[in-house]
Amino acid sequence: MTLKKLILSVFVLLCQLISAQNDSITNLKEVVVSDRTLYSNNKSQSIQVLNDSVIDRNQSTLTNLLNYNSSIYFKEYGRGMLSTVSFRGTTASQTAVIWNGINVNSQLNGSSDFNTFTAPDFNSVSIKAGGGSVSYGSGAIGGTVHLNNNLVFKNQFENDLRLDYGSFNTIGVNYKINVSNKKWSTQVGFSRNSSDNDYDYVGLYTSNGVQRKNENGQYETTNLFANVGYKIKPNAVLTFYSQSSNTDRNLSLISESDSKTKYINTFSRNLLEYNATKERFTTNYKLAYLTEQYQYFENIDRDDFDFGKTESLIAKVDFGYKLLESLQLNGILDYNRTKGFGTSFGDNTRQIGAIAIKAVEQHNEKWQNELGFRKEASSDYESPFLFSLGSSYVFNSFYNLKINVSRNFRIPTFNDLYWETGGNPNLNPESSYQAEVGNVFSYKKFKLTETVYYMKIKDMISWTPLDGSNWSPENIHKVNSYGSETNLGWSNSFGKNNIALNASYAYTVSEDVETREQLQYVPYHKFNSNVSYSYKKIEATYQFLFNGAVTIPSEKYKMVKEYWVSNLGAYYDLGTKNTCKIGVQALNLFNQTYQSVSQHYMPGRNFLINLTFKF
Amino acid sequence: MNFSKLVLTTLASALFFVSCTNDDDNNDAPLGSYDNGVLILNQGGFGHNDASVSYISSDFATAQNDIFSVVNPTITLGDTGQDIGFNGENAYIVLNASNKIEIVNRYTLKSVGSINTGLKNPRYIAFANGKGYVTNWGDGGVATDDYVAVIDLSAKKVSSSIPVAEGPERILENSGKLYVAHKGGYSYGNKVSVIESATNTVSATITVGDVPESMAIKDGTLWVACSGNPSYVTTPLVETAGKIVKVNLATNAVTTTIAYSDATKHLSNLVLNGSDVYYTIDSDVYKMSATATTLPTTSAFSTTSQGVYGIYSFAIHDNHIYVGDAGDYSHSGKVYIYALTSPSIGTLEKTFSVGVIPAGFYFND
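Just so you know, the protein sequences line up as chains H and C, in that order. Here my numbering = 1-based position in the first sequence + 161. Here my numbering = 1-based position in the second sequence + 2.
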């Protein structure tokens, strides 16, 4: 039957894998993760885990890892440039990035730039779709992306080195060393990824017939990190996580005669954590200090710049009590003090206090209920009462049903409140109600997750012209989003042949309630897939990404067209005892001309060689 | 088996949705001639590279949008349209963020070249002595690198530059001299520079009022509309009232200043027409006699019934008043055409939908 043939060939061609994605949190006993409750307390929502073997097979920016392996939509202003997301049809500041359990979205603009993160710096990256403000605070509306460093308490001495070299003089060095015993665990590393990024725009010429290329697009991202854990007693652990990051980027020109500008983003993130359990009690203390800074150079040849900086102190206590064998209660107190200052606003300090209560009832092996409340008090705005209510029921080995209802929010940023001129100190947080139903089907080696959701967001903050020259943010828009996420995973072995595939598809409607129009830069369709095949020490991977057309804020261009991109990779492990893998990737194999943001073209076919050593 | 059906359905639907959108071609044919009408420069969104030009014929019977692209489909006009200057057969379209000037035949819109180097944050253009003069801010954050670029019109190149005070904006030619209003760029100016086109030097500087926004020249007198400092200036500056300043061009001396006493009144878009003076405040149009000694307190008419929230561009031509409305600054702007006198000032005659942020009217006849 031809339809079936067609579908099957599409299946083989497009789909892909990520074997590691499910059930990858193995052996938790000897691993300390800073975010202990992410998996155990959120069974009513779906969490996708990308572990180090997936991270190793992808390009190093967090943008590329997530774009090709999750249903999150990316808006990238040219390769390596500013990169923001839309998750379940929400805005860039409605997805929270959680670094080792701490929300690290910018206090200045509310969002995260995914090209400032380097994926191999982390042991795993998890994607939790749906509301999470009760646990993770502001911005956890569309979903959360969790960057995790895991500390292992066993005797080991392990080095992990990855070297990349590719087209446009793209150079990457990513190194991690893990040294640990049963009492101490240390992970130290650095990464540096840079590129001249002067790629041609495929098939595009100036009016004089000169090949157009990406000018002024060079970038360089450097990260240093050190994570240390100490087991004071078998049931008491002290951990410290630290990361500093610098991203130095020129901004690609949209036409050849534009002024050349650049941005430097710097971050430092430090977290000290103490966790102890005793009989029915658990205590967890967290103390974090985060800074972020941007510098904008209007002219790359001059040293003067505009800047904005924030410094945040976060203190958190979490007391847990096992009321019944089946019922765990947690009470959480949280304090955040953020100071922001910069060229475009004065010196402002914001304090937020929060109280949260969470309950997890493990009714029986099959049925888990989750309930949480959170209320914040802030010096700057009225905060809504947040809740989350969910249930997961495993009917049989074939079917697991998940239901979750939550209220979430996104607080006004320093830019929204204090920008000179226009900042509006009277803003309210954006808030949303959300309901989702998830179905997880497992059959033999297949796993299919299908989630449908509905979300109402109100008080969306939007900068609008008050008169000809003065713009100010207001809580004006209301948005309804609904859609579905489908994820299929399959892997199998036939003798020495291993095949794995993973495919995900997101259908997203995100409608402005007043205009009834789909939000700009939200595609109705996104599909991506990975297939990998390995035989003994040889492995081949094929990635496919389809992004549907999006409307954009330009009457002249109206939309960014749909595009599809394929990447092909081949790897060979030369090592016997240790890993010594050589890999070659052909990116944008079919040399497509595409852009994810209007006027910001992406590269055509290009190549990357990697060497990965684990010893 | 149910499960595999489900899988296949999912994949099939994914495939189905890989539907294609058509290229959004502009199917309009060039009109051939764009004279006897007005060219409207639409600024476009900053960073969107979507500046455009619209045309409306004098009899309002014909209108076409995006005419630069219709005539020159292989050329992108650029980012942030700022000004158009006519000289002989040519129209010079100044693109602020693209740091360039696209040159077209003013009647056919056919491209005749471009100037891509020597401009930095170009603003407005004027012509004198067979040369072009373009005001430039340089880097916005630098107060000392502002200049007027001198254009060799036959070579289509910047031939030299004349350093001037910060934030040069509008530029007007009169008897071989150029008058440059220093609106102030990223800060707030209060001067007009005089440039001699024979020597390309600044020969005089005239202090007018805060934020000189627009200028007109008639009978040896330079009229300058000063908006005054806006409400959001930071100390030590304070908000100041708009005023009209008249300068005797023979002596470069300020002869008359007529000001509002209310510091929140900020005027713009000065136009001289016959024996009358017109300007705008927010969404209102004001009219006074050229000999008046005080500014009118009530407007001639308001555009608020058309929903205009701040008149973005303004012109008077052949007994009609043209108002450009930027709307929400991201969707198509509107052009409203009102009667100047008959049946009465402010009677709405025509409405046109144009490009994003209609920034200026250039009458081509």
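Glycine included, C-beta positions come from ideal geometry on N, C-alpha and C.
heavy atom of the ligand ADP below 7 Å from residue i C-beta
| i | result |
| --- | --- |
| Gly304 (chain H) | Because no ligand of any kind appears in the structure shown, any question about the ligand ADP cannot be addressed here. |
Cβ shell of residue i (< 7 Å), same chain only, five flanking positions each side left out
| i | result |
| --- | --- |
| Ser285 (chain C) | Ser304, Thr305, Thr306, Val310, Tyr311, Gly312 and Ile313 |
| Phe172 (chain H) | No answer about Phe172 (chain H) holds up, because its pLDDT of 35 lies below 50 and its placement is not dependable. |
| Phe575 (chain H) | Gln268, Leu269, Thr471, Gly501, Phe506 and Asn509 |
Residue i - DSSP class collapsed to helix/strand/coil
| i | result |
| --- | --- |
| Tyr391 (chain H) | strand |
| Gln456 (chain H) | strand |
| Ile216 (chain H) | helix |
| Ser59 (chain C) | strand |
| Leu588 (chain H) | coil |
| Ala317 (chain C) | strand |
| Ser113 (chain C) | strand |
| Leu175 (chain H) | Caution is warranted here: a pLDDT of 32 is assigned to Leu175 (chain H), below 50, making its placement in the model unreliable, and the coordinate value is therefore given only provisionally. Correct three-state label for Leu175 (chain H): helix. |
| Leu13 (chain C) | Confidence at Leu13 (chain C) is low in this model, with a pLDDT of 45, below 50, so its placement is unreliable and the value that follows should be read with caution. Of the three classes helix, strand and coil, the one that applies to Leu13 (chain C) here is helix, per DSSP. |
| Phe275 (chain H) | helix |
| Ser369 (chain C) | Residue 369 (chain C) falls outside the range modelled here, since chain C spans only 3 to 367, and no answer is possible. |
| Val356 (chain C) | coil |
| Thr306 (chain C) | helix |
| Pro626 (chain H) | strand |
Closer than 8 Å at the beta carbon, the chain C residues around residue i
| i | result |
| --- | --- |
| Arg463 (chain H) | Asp141 and Val144 |
| Pro626 (chain H) | Tyr311, Gly312, Ala328, Asp330 and Tyr331 |
Closer than 8 Å at the beta carbon, the chain H residues around residue i
| i | result |
| --- | --- |
| Lys122 (chain C) | Ser420 |
| Ser54 (chain C) | Lys717 |
| Asp68 (chain C) | Lys717 |
| Asn118 (chain C) | Glu417 and Ser418 |
Enclosing alpha helix (DSSP H) for residue i [first to last residue]
| i | result |
| --- | --- |
| Asn576 (chain H) | Phe575 to Tyr579 |
| Val295 (chain H) | Ser294 to Tyr297 |
| Asn228 (chain H) | Leu223 to Asn230 |
| Phe70 (chain C) | Ile69 to Val73 |
| Thr198 (chain H) | Thr198 to Ser201 |
Interface partners of residue i on chain C, CB under 9 Å
| i | result |
| --- | --- |
| Glu459 (chain H) | Asp141, Gly142, Gly143 and Val144 |
Cut-off 6 Å between Cβ atoms - residues of its own chain near residue i, not counting five sequence neighbours on either side
| i | result |
| --- | --- |
| Leu322 (chain H) | Tyr336 and Phe774 |
| Phe534 (chain H) | Ile518 and Phe548 |
| Ile323 (chain C) | Tyr340 and Leu342 |
| Pro764 (chain H) | Arg240 and Tyr360 |
| Tyr364 (chain C) | Leu41 and Ile86 |
| Ser520 (chain H) | Sequence check: residue 520 (chain H) is Ala here, not Ser. Counting only Cβ-Cβ distances below 6 Å, and skipping sequence neighbours, we find Leu490 and Leu532. |
Under 9 Å from the C-beta of residue i: neighbouring residues of chain H
| i | result |
| --- | --- |
| Gly46 (chain C) | Ser715, Glu716 and Lys717 |
| His184 (chain C) | Those within 9 Å of His184 (chain C) in chain H number zero; the least Cβ separation is about 17 Å. |
| Gly38 (chain C) | Correcting the residue type first, residue 38 (chain C) is Asn in the shown sequence and not Gly. The contacting residues do not exist; Asn38 (chain C) stays about 26 Å from chain H at best. |
| Ser334 (chain C) | Glu716 |
Beta-carbon neighbours of residue i, restricted to chain H and to distances below 7 Å
| i | result |
| --- | --- |
| Val107 (chain C) | Note that residue 107 (chain C) is Asn in the sequence shown, not Val. Per Cβ cutoff of 7 Å: no residues; Asn107 (chain C) is ~16 Å from chain H at best. |
| Asn51 (chain C) | Ile415, Ser416 and Gln760 |
Cβ-based neighbour list, residue i, same chain, cut-off 8 Å, excluding 5 preceding and 5 following
| i | result |
| --- | --- |
| Thr353 (chain C) | Gln308, Lys336, Val337, Tyr338 and Ile339 |
| Lys112 (chain C) | Val73, Asn74 and Val106 |
Boundaries of the beta strand (DSSP E) in which residue i is found, first to last residue
| i | result |
| --- | --- |
| Thr203 (chain C) | Thr203 to Thr209 |
| Val256 (chain C) | Ala255 to Ala261 |
| Asn256 (chain H) | A quick correction: the sequence has Thr, not Asn, at residue 256 (chain H). It spans Thr256 to Trp260 - the beta strand (DSSP E) in which Thr256 (chain H) sits, taken as one unbroken run. |
| Phe705 (chain H) | Ile699 to Asn708 |
| Ser216 (chain C) | Pro214 to Lys220 |
| Thr740 (chain H) | Thr740 to Leu748 |
| Cys512 (chain H) | The sequence given here places Gln at residue 512 (chain H); Cys does not occur at that position. Phe506 to Gln523 is the extent of the beta strand (DSSP E) around Gln512 (chain H). |
| Glu376 (chain H) | Per DSSP, Glu376 (chain H) belongs to no beta strand (DSSP E) and is neither H nor E. |
Practice problem: Pull out every residue of the region 71-104 of chain C whose Cβ sits closer than 7 Å to any Cβ of chain H, in chain order. | Solution: Thr76, Ile77, Thr78, Gly80, Asp81, Ala99, Ser100, Asn101 and Lys102
Exercise. Pull out every residue of the region 705-720 of chain H whose Cβ sits closer than 9 Å to any Cβ of chain C, in chain order.
Key: Phe707, Gly709, Ala710, Ile713, Pro714, Ser715, Glu716, Lys717, Tyr718, Lys719 and Met720
Quiz item: Which residues, in order along the region 747-766 of chain H, keep a beta-carbon less than 7 Å from a beta-carbon of chain C?
Solution: For the region 747-766 of chain H, which is checked against every Cβ of chain C, the residues closer than 7 Å are Ser759 and Gln760.
Quiz item: Listed in chain order, which residues of the region 209-243 of chain C have Cβ atoms closer than 9 Å to some Cβ of chain H?
Solution: Pro232, Ser233, Tyr234, Val235 and Thr236
Practice problem: Return the residues of the region 342-370 of chain H that lie within a Cβ-Cβ distance of less than 7 Å from chain C, sorted by chain order. | Solution: Ser368
Quiz item: Quick one, which residues of the region 394-422 of chain H are near chain C if we go by CB-CB under 8 Å, in chain order?
Solution: For the region 394-422 of chain H, residues whose beta-carbon sits nearer than 8 Å to a beta-carbon of chain C comprise Ile415, Ser416, Glu417, Ser418, Asp419 and Ser420.
Exercise. Select from the region 287-321 of chain C all residues with a C-beta closer than 7 Å to any C-beta belonging to chain H, and list them in chain order.
Key: Answer set for the region 287-321 of chain C: Tyr311, Gly312 and Tyr314.
Quiz item: Mind listing which residues of the region 578-590 of chain H have their C-beta closer than 9 Å to chain C's C-betas, in chain order?
Solution: Glu581, Thr582 and Gly583
Quiz item: Using Cβ-Cβ distances below 8 Å, what residues of the region 349-362 of chain C are close to chain H?
Solution: Going along the region 349-362 of chain C in chain order, one finds Gly357 and Val358 with a Cβ nearer than 8 Å to chain H.
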